[in-house]
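According to our numbering, the residues represented by the sequence shown are 21 to 100, in order. In this text, a Cβ means the ideal position worked out from N, Cα and C, and glycines have one as well.
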Amino acid sequence: MSEGNVAAEQLRLFLERIERLEEEKKGLSDDIKDVYLEAKANGYDTKIMKQVIRLRAMPAHDRQEMEAVLQTYLSALGME
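Below is the structure:
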């Protein structure tokens, strides 16, 4: 097999792996949407749930810093 054929085969394999992963990602995305729909049907606010998920993903220090800055801004605007 020539070097060009090896490179082309490797490229094809990379592309096929990416395509499979994209399909899996789509499936997971659909599953997540279904869970949000189920939560909404049970009376939960899905916008707030998404915010909570983003906050839970943050390191505690970053979250605390963000909350402190938010409180400072709200206070400065008289919204507290």
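{"Item": "Rounded separation between E43 and K70 - CA only", "Value": "23 angstroms"}
{"Item": "Proximity of R83 and L94 at Cβ, strictly below 8 angstroms", "Value": "no"}
{"Item": "Opening and closing residue of the alpha helix (DSSP H) in which Y56 lies", "Value": "23 to 61"}
{"Item": "Residue range of the unbroken alpha helix (DSSP H) whose run includes D82", "Value": "80 to 96"}
{"Item": "Sequence-distant residues of its chain with Cβ nearer than 7 angstroms to S49 (five each side left out)", "Value": "none"}
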